[in-house]
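Below is one structure; the comments refer to it alone.
Numbering (the working numbering), first residue to last: 1327 to 1758.
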């Protein structure tokens, strides 16, 4: 097989014309391609807020007359003055944008918003509906269309679009909840009409209610989720428990903490692990269990299997010259009933305890941090196991208490030496 090489005789007139035409065509094609790219780049890199954005938009449109982006930039800049003639000019430019790119839903949204601003609701509705038709699976068109209907007081149609938004996007889901919350004066019934009846949406709504200080609504919505679906949303339950705890809604926080597996054995009106039979983990892993600060070098806190009142172990506090005026290194939150009467009891043992400011147990209002009740000061020296009982009434505004170790004040530099053991913490409700 032989290779054939085709050559053009440049001295031949016809060949010269063909060669020149090819070169000119390549130059023209390259020029128009570069022009379009340059115009698009100028429009894309210029923010509408830039002072000379309109001039740049005109230059970009000259380079790329068929590109919608420069015309959108010009239209956006034009309407900044809010004068009627400028708004009309901007609207015409946006109509040109849609003509240049009729299948891009983003331009239809821009046009719909411009029509609405020009008080042409019928045309705005048509443009926004076209955006939804072009991108039915996208969240943003439904969000814009729903907001439009809401501004037009067409609530039923707004709900239809915004509900689709909650189904598809976590980001827009929270925005829909916030929008409905403000628009309907914090009415949970109206918010829930916008929420799709799916486990994902309900889990998100429970978090939203927790943030908005609606603990009962948060728990009510969460309990609408089937148990098998709750397992998939444990992280949201954990988040909700922490939010409610930080806002001091203890009874609802406890329920979320149990269902999230944070404190699976915790219960209202119960001191968790009161006999210290179960391991005590790090404080960050619990909300309603024992929380212990072990960062203090002059106080060792650990379970002790050799000294105990009942069971297999107790909690041992070994003071080695601890001298801070406050002693809040051991505490637990307990959910309680407002205005109810309770007794907290525990067993105490001391060995060679020496200090001018003895340790003691405080019952603290979980809402206000105010002191509710306090135990007698722990006996100095060495004392065998003895039962201590603290009776108190929960304040009206309180649904959670803090049981914590504290000390009597004896100045800024008042060391504690010796050892204390705790065992068998219990709380009981007193009958009126």
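Glycine included, every Cβ here is placed at the ideal spot set by N, Cα and C.
Since the model is a prediction, treat every value here as computed from it, not as a measurement.
Which first and last residues belong to the beta strand (DSSP E) in which residue i is found?
i            : result
residue 1671 : 1667 to 1680
residue 1542 : Segment 1541 to 1548 is the alpha helix (DSSP H) holding residue 1542; no beta strand (DSSP E) there.
residue 1523 : Run containing residue 1523: none; DSSP gives neither H nor E here.
residue 1710 : 1707 to 1719
residue 1648 : 1640 to 1648
residue 1747 : 1742 to 1756
Whole angstroms are fine: how far does the CA of residue j sit from the CA of residue i?
i            : j            : result
residue 1741 : residue 1623 : 13 Å
residue 1446 : residue 1507 : 28 Å
residue 1757 : residue 1610 : 35 Å
residue 1468 : residue 1393 : 26 Å
residue 1588 : residue 1560 : 9 Å
residue 1358 : residue 1457 : Here the model assigns residue 1358 a pLDDT of 47, short of 50, so the residue's position is not dependable, and the following value carries that caveat. Residue 1358 and residue 1457: Cα-Cα distance of roughly 31 Å.
residue 1652 : residue 1490 : 54 Å
residue 1354 : residue 1391 : Bear in mind that the predicted position of residue 1354 carries a pLDDT of just 46, short of 50, making it unreliable; the figure below should be weighed with that in mind. So the alpha carbons of these two residues sit roughly 16 Å apart.
residue 1682 : residue 1718 : 27 Å
residue 1731 : residue 1650 : 13 Å
residue 1356 : residue 1398 : Interpretation of residue 1356 is limited by its pLDDT of 44, a score under 50 that renders its predicted location unreliable; the figure taken from the coordinates is listed afterwards. Looking at the two C-alpha atoms, the distance is approximately 25 Å.
residue 1654 : residue 1699 : 15 Å
residue 1461 : residue 1455 : 10 Å
residue 1486 : residue 1519 : 10 Å
residue 1427 : residue 1417 : 15 Å
residue 1473 : residue 1405 : 21 Å
residue 1582 : residue 1554 : 15 Å
residue 1675 : residue 1666 : 30 Å
residue 1352 : residue 1500 : Confidence at residue 1352 is low in this model, with a pLDDT of 48, below 50, so the placement of that residue is unreliable and no value is reported for it.
residue 1453 : residue 1515 : 31 Å
residue 1585 : residue 1557 : 9 Å
residue 1435 : residue 1512 : 29 Å
residue 1526 : residue 1378 : 46 Å
residue 1739 : residue 1733 : 13 Å
residue 1517 : residue 1395 : 37 Å
residue 1595 : residue 1661 : 6 Å
residue 1539 : residue 1567 : 12 Å
residue 1534 : residue 1572 : 14 Å
residue 1504 : residue 1450 : 24 Å
residue 1532 : residue 1605 : 31 Å
residue 1381 : residue 1564 : 54 Å
residue 1629 : residue 1593 : 22 Å
Apart from the five residues just before and just after residue i, which ones in its own chain have a Cβ nearer than 7 Å to its Cβ?
i            : result
residue 1671 : 1713, 1714, 1715 and 1752
residue 1574 : 1692, 1693 and 1726
residue 1421 : 1437
residue 1677 : 1708, 1744 and 1745
residue 1617 : 1609, 1657 and 1658
residue 1591 : 1598
Excluding five sequence neighbours on each side, which residues of the same chain lie with their C-beta closer than 8 Å to the C-beta of residue i?
i            : result
residue 1528 : 1521, 1547, 1548, 1550 and 1551
residue 1664 : 1720, 1721, 1722, 1723, 1724 and 1725
residue 1414 : 1444
residue 1633 : 1640, 1642, 1675 and 1747
residue 1704 : 1674, 1676, 1679, 1684, 1685, 1686 and 1746
residue 1433 : 1394, 1398, 1420, 1423, 1424 and 1427
residue 1327 : The predicted model places residue 1327 with a pLDDT of 48, which falls under 50 and marks its position as unreliable, so this point remains unresolved.
Just confirm the distance between the C-beta atoms of residue i and residue j, as a whole number of angstroms; I'd bet it's less than 8 Å.
i            : j            : result
residue 1542 : residue 1536 : Incorrect: roughly 11 Å between the Cβ atoms, too far for contact.
residue 1750 : residue 1600 : 6 Å
residue 1603 : residue 1638 : 6 Å
residue 1524 : residue 1498 : So it is not a contact: roughly 15 Å between Cβ atoms.
residue 1680 : residue 1697 : Contact doesn't hold; Cβ gap of about 26 Å is too wide.
residue 1484 : residue 1475 : 4 Å
Does at least one heavy atom of the ligand ADP sit under 7 Å from the Cβ of residue i?
i            : result
residue 1610 : With respect to small molecules bound, the structure shown includes none, and the ligand ADP cannot be examined in it.
In the DSSP assignment, find the unbroken alpha helix (DSSP H) run with residue i in it and report its ends.
i            : result
residue 1555 : 1553 to 1556
residue 1468 : 1465 to 1477
residue 1507 : 1496 to 1509
residue 1564 : 1560 to 1572
residue 1685 : Not the alpha helix (DSSP H): residue 1685 falls in the beta strand (DSSP E), residues 1685 to 1691.
With distances taken Cα to Cα, identify the nearest neighbour of residue i among the options.
i            : options                   : result
residue 1626 : 1641, 1688, 1483 and 1607 : 1641
residue 1429 : 1443, 1459, 1417 and 1452 : 1459
residue 1659 : 1728, 1513 and 1503       : 1728
residue 1702 : 1695, 1450, 1687 and 1454 : 1687
residue 1496 : 1562, 1475 and 1538       : 1562
residue 1656 : 1664, 1585, 1747 and 1662 : 1747
residue 1745 : 1673, 1704, 1645 and 1665 : 1645
residue 1619 : 1608, 1584 and 1613       : 1608
residue 1481 : 1492, 1493, 1504 and 1510 : 1510
residue 1424 : 1440, 1409 and 1734       : 1440
residue 1494 : 1517, 1479, 1483 and 1530 : 1530
residue 1613 : 1570, 1492, 1630 and 1647 : 1570
residue 1737 : 1690, 1412 and 1648       : 1648
Less than 6 Å between C-beta atoms, sequence neighbours within five positions excluded: which residues of the same chain meet that for residue i?
i            : result
residue 1723 : 1693
residue 1754 : 1669
residue 1431 : 1457, 1460, 1461 and 1467
residue 1636 : 1750
residue 1488 : 1472, 1502 and 1520
residue 1578 : 1541, 1545 and 1570
residue 1479 : none
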